[in-house]
Structure formats: structure tokens, C-alpha cells
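Going by the numbering used here, the final residue of the sequence shown carries number 514, and the count climbs one at a time with no gaps. Notes for the one structure printed next.
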Amino acid sequence: MKIVLISTATFPSDQGIRTISGVLKKAGHDVKIIFIAYSEDYSKVYHLSELNQLYRMCKDAEFIGISSYASTAPRAIQVLDFFKKNELEVPIVWGGVHATISPEDCINYVDILCVGEGEEAVLDVVKAIEEKKSIKKIKNLWVRDKKTGKITKNPVRPLIDNLDTLPFADYEIQNHFILENHNLRRFKEEDLSGQIFFLTGRGCPYGCTYCSNNLLNELYKGKCKRIVRWHTPDYIIECILNLKRKFNSLNFFDIRDDTFSLRPLEQIREFCDKYKKKVNMRFKCLVDPRTISEEKIKLLVDAGCTDIIVGIQGTEKVNKEIYKRNETDSDVLNAGRILNKYKNKLAVMYDVITCNPYEEMQDVLDMIQLLKKIPKPYYLSVNNLVFFPGSGLYERAKKDISLKSQLELSSKLNYWDRSKHILLKKKNMYPVLILNLMRGSVTNSRFGLLPNFILNFLISPERVYSNVKNPLLTYFALIFVGGMDLIREKIIKPVYRSMPINFKVWYDKIRYRV
Ligand code: B12
Ligand code: SF4
């Protein structure tokens, strides 16, 4: 069958759609993937000429799949509406994380929705279409009856327990296309920018209230042997070697497992041994302070891990009370102490979340104090809270009338929109602004752009008191920060994207080094 898969992700890695393509190809289908990657300014939607090109590429398909995140859902809806308006008579299924956590909303725009893991469901639906059978009872699907309009909501099937049964994500780029400068053109190796985002497992046992795993764990409660599943080291190494052979320009792997350090020590040891011997290429990963140990970090660094991202998110109190994240300040400091031993080989980035309307001013000030205690150097990434539909925090905020407009608007912003978030949420504006200004390289003498003596002055109780009482200075500073945010979005990012791959690879190496 001729199949077109469309990804709205802003970076054309998208392991989800590539794995869906992998299983369809393995079953003998002819699959094209179109990456309609677009601006990270999520208020932007496609031009008519772009939609027309997409339509032309899809009109001969016998089946279409589209995926989106919450942030790119308006773009997926735009495509679906355009196809409907132009009477494209091809069965279309909408899948991915947003379709999974907001099916009640998504089903208004499409006749078939895939909730949860899609590999087995998509095979069933394609088979049923080929055999002209009904798709109404296929697990994971929500299906609208075209005549009656009635929606059948099927339950999800159990999670795939042995991930190694899956084929590799599809990187046969000769059948892939990408949107660039208003044109859909053939995918090139350079579009990967010398890196691959890579998931070596699926699922997270925690359920932080701002995260989609919160809902995924609910969805699969009692419907799986285990939530957290890992590919074996052999599978991962084979997959990586495959990609390394295919793409000469590949410079590193970005292992994006929600918490790679959750893997037991023995598995990390096996992975690191094999990776070092067979792949021997730089890689990055994400860890969680609760599951770090001296041995794990030593093995990772020794195997070529050059960058680690650590999720702090909130102070102990905020993590416990607002994010339901069982992580203490001493877990964070302990992780910092271990990681700091490798400061000559390892770039460490700490992620925090701020601009949360449920936080009190003292919480933000406490976060600043916690950051001051973490061993330096490190790189600080400050992200502003986005309420993603389906997450526990979103549900809580939805009930809170005063948060309603912030809720709707914040899904259109990204984590980095500093002044937009602060002006929208209008809570703890002054300390949140200071925390945002601390972003970047942290050394013993400075936090981002702020030398220590200025930071200490700005957070002294008198300064905080007077700037909170009279917010004029905060507003002025926000105009300046807004200008910087605009320059980054409109100038720096497009310039960076147009740079040659060698520059991107070099810049990535030095970017987070302090
Ligand atoms: C790697 C990653 C990234 C990478 C790369 C993304 C990419 N384009 O490849 C980077 C760092 C660039 C990134 C960026 C962002 N990310 Co991100 N990212 C992830 C991460 C860790 C893994 C994604 C992945 O590959 N999953 C593995 C695949 C196999 O799972 P999957 O995509 O869900 O696909 C399965 C099903 O959903 C379904 N399916 C998927 N597509 C389709 C299509 C069809 C037709 C069908 C039938 C089924 C189907 O079947 C698949 C296989 O079972 C996830 C968390 C996670 N564990 O999933 C967050 C996650 C996707 N990211 C998230 C966010 C918020 C972002 C950002 C918006 C952050 C920001 N504000 O900038 C950006 C923007 C991304 C964008 N617009 O493209 C959220 C999305 C929440 C939401 N409700 O939308 C997630 C879920 C994290 C979280 N825990 O909340 N991200
Ligand atoms: S630990 Fe990370 S991936 Fe897991 S639920 Fe919390 S935020 Fe989500």
C-alpha cells in the first residue's frame, strides 16, 4: 500500500513517526515521510503554497498518518482541515503524544485517532483497509462513523513489552521529504545537523504533574507488565552502528530517554563497554538526581559521554507539593558533587522550571539559593512553565478560573519566551526575571550575564522588597529582555540553521562548556 506519514515536529528526528514507518515498511508497504518542520514560534502556521505542495504529495496515497505535539497541534489541524476542504478521499489517522493525551479535542478534526503506542494499531488499520474490513473495533483507535457521526472509543492494547521486537526507526532518507524555505524538497543528510535524537527505552515510573508521563501512566495502568521498558545494549549498539555507517556526518548521539540513569548499573556497564569498543563516538544523555551514582557516571564518561542534562525542576518543597516529584535538594547537591568530579570532560546542564503561578516568591528565591550551592562550573537552563493539555497541572489550572487565559496562551509559547511568559503570568515577576537572567554559563564568579556581586545585590531583601513594591524597573528590564528574545528567535536561530553542518557540530561541542 502507498502510505504517507507526516511529522509536524520542528526537528526532523521524530523517532515516533520513523518507528511507525519502520514497522509499515517491514510489512511490505511503500512509505514516504514528510517532515513539515516549521518555526519554533508556535503561533505561525503554514502558507497556502506549502499546503498545496503537501496536498499534491499526498493525493495518490492510500493511507496517511500525521503526528504532532501539543505545540504543533494547530499546524496538524490546519493540514487536516485543508485536506478536508479539498476533499482528499484518503483515510487519515492522527497519532502521537498530543492525540494520546487530548483525544477528546483531537477527534473533532479527524475521523481516526490513534491513542498510545501506534505500531500494532497502524498495522491493523492498514491491513483492514487493504482487506476492506471495518476498522471500528481496532484497539487504540477512536473512530468516527461517517454516516452517524458516532465515535467508537476503543481501549488501548498492552504496551509493547519487548522493545527489541521493533524494527529500527526509518532513516532511509531517500524516501523522505522536508519543508524548507516554503518548499517541500528531498531530505538530505545535512538536515540531521550531525546528530540523532535517540530513545533507548520507553516510559517513566514517575508522574510529575507538568509532564505527559503523568497521564500516560494512568492510561496504561493495569494494561502492561511494566511501564519502563529498555532496549538491550546489543539492540541499541546495532541501531547506532547502522546509523553511523549510513551517515558520515554523524558526530554524536543525543540519548533522550527521560531518565537514562534509571537503568540498572549492570546494564549501563554492558552498554558502556560495548559502546566504547564498537561505536566510540561522543554522546549525551539525561539523568535524574535520584538515580545517579559514582559508578554510573564514571562508566558513562569513560564511554564517551560529554554532556549530561540533570532535571532539578523545582526546590524540594515545590517538587513535593506542586510537581509531585519526589526529589530532594540533597539529591541535587549530591548529583552535583559527583558530576563535578568530571568537570574537565563533562559539560553539565541543570534544568529548572520557573514562572509557575502556583509558586510563592520565597520558592523562587530558594531556588536561586539552591543554584548557588551546586558545585560549579555548569550550564543553567531556565524553562518557563507551559501547561500541556492532559498533564495533572493543566487539569488543576483548568479548574482555577483566574488561570484560564494564561493556560490557553501559554501553550502557544515555548519554554524560552522569557518576557512573554513573565508578562502573561504576572506572578513573582521580579524574582522570576532574575532567575531567567541567570541562564547560561555558571562559574564561581557569575550566573549567565550576572556577576555574583550584582546577583547578590539584586536578591538582597531590601532590593527584592523595593522592586516588588514598585515594579517599574522590572517592566523596563522586561522590555529589554523581550528585545533579546526577539533577536534570538528572528535572527540568531535562522542564522544558526543556515550554517554548515561542521559549524553546528563544532558549536555544539563548545556551547555548554564553561
Ligand atoms: C526527543 C524529544 C525531543 C527532541 C527531539 C524531538 C524530535 N522532533 O525528534 C527535542 C529536544 C528537539 C524536543 C523538543 C521539544 N519537545 Co520533546 N521530547 C522528546 C522525547 C524525550 C522523546 C520523543 C520520542 O522520540 N519518543 C519515542 C517515540 C517512540 O514515542 P512517540 O513519539 O510518542 O511515538 C509513539 C506514539 O505517540 C505513536 N505515534 C507517534 N506518531 C504517530 C503517528 C501516527 C500516524 C500514529 C498512528 C501513531 C504515532 O506511536 C509511536 C510509537 O509507539 C519526548 C518524551 C517521550 N518520552 O516521548 C519529549 C516530548 C515529546 N517533548 C515535549 C515537548 C514539550 C517538547 C518541546 C515542545 C519543548 C519546547 N517547548 O520547546 C520541543 C518542541 C518539539 C517540536 N515541536 O518538534 C513533550 C510533548 C508534550 C506534548 N503534550 O506535546 C514530551 C512528550 C515530553 C514530556 N514528557 O512532556 N523533544
Ligand atoms: S521524571 Fe521526567 S519524564 Fe518522568 S514524569 Fe518526571 S518530568 Fe516526566
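For glycine and all other residues, C-beta sits at the position ideal for the given N, C-alpha and C. The model shown is predicted, which means the values in this text are computed figures rather than measured ones.
For residue i: DSSP bridge partner residues
i	result
Ala347	Asp307
Lys32	Val4
Glu321	Bridge partners of Glu321: none, in fact.
His176	Ile33
Val23	None, per the DSSP bridge assignment.
Ile196	Phe253
Leu353	With the sequence shown as reference, residue 353 is identified as Ile, and Leu is not the correct amino acid for it. DSSP, once it has assigned bridges, lists Asn383 as partnering Ile353.
Arg144	Ile151
Coarse secondary structure for residue i, derived from DSSP in three states
i	result
Tyr475	helix
Trp506	helix
Arg245	helix
Pro461	helix
Ser441	strand
Thr152	strand
Pro451	strand
Ile232	Note that residue 232 is Thr in the sequence shown, not Ile. Coil, per DSSP.
Leu159	coil
Val115	coil
Leu184	strand
Ile138	coil
Phe63	strand
Arg488	helix
Phe253	strand
Ile240	helix
Arg337	helix
Residue i burial status per 10 Å Cβ neighbour count (16 or more: buried)
i	result
Asn214	buried
Met429	buried
Ile401	exposed
Gln362	exposed
Gln406	buried
Gln369	exposed
Tyr379	buried
Val201	Looking at the sequence itself, residue 201 is Gly, so the reference to Val does not match. So Gly201 counts as buried.
Ser43	exposed
Phe387	buried
Leu478	buried
Asp30	exposed
Met499	exposed
Asn140	buried
Asn436	buried
Ile491	exposed
His182	exposed
Glu359	buried
Leu403	buried
Arg439	buried
Pro205	exposed
Arg513	exposed
Glu462	exposed
Glu190	exposed
Arg325	buried
Ser410	buried
Asn467	buried
Glu327	buried
Asn162	exposed
Cβ of residue i within 8 angstroms of any chain B Cβ
i	result
Phe387	Absent from the structure: chain B. Only one protein chain is present.
Near the ligand ATP: residue i beta-carbon under 7 angstroms from a heavy atom
i	result
Gly311	For the ligand ATP, the structure offers nothing, since it holds only the ligand B12 and the ligand SF4.
- Task: With the ligand SF4 as the reference, list in chain order each residue whose Cβ lies under 5 angstroms from any of its heavy atoms.
- Result: Cys204, Tyr206, Cys208, Cys211, Asn213, Asp258
- Whole beta strand (DSSP E) elements within the region 356-422, 3-residue minimum: Runs of beta strand (DSSP E) with 3 or more residues, each lying fully within the region 356-422, are found at 378-384, listed in chain order.
- Item | alpha helix (DSSP H) runs wholly inside the region 85-109, at least 4 long, in chain order | 97-101, 103-106
- Query: What are the uninterrupted segments assigned as beta strand (DSSP E) that are 3 or more residues long and contained completely in the region 33-60, given in chain order?
  - Reply: With a minimum length of 3 residues, no continuous beta strand (DSSP E) run stays inside the region 33-60.
- Complete beta strand (DSSP E) runs within the region 264-301 (minimum length 3 residues, chain order): 282-287
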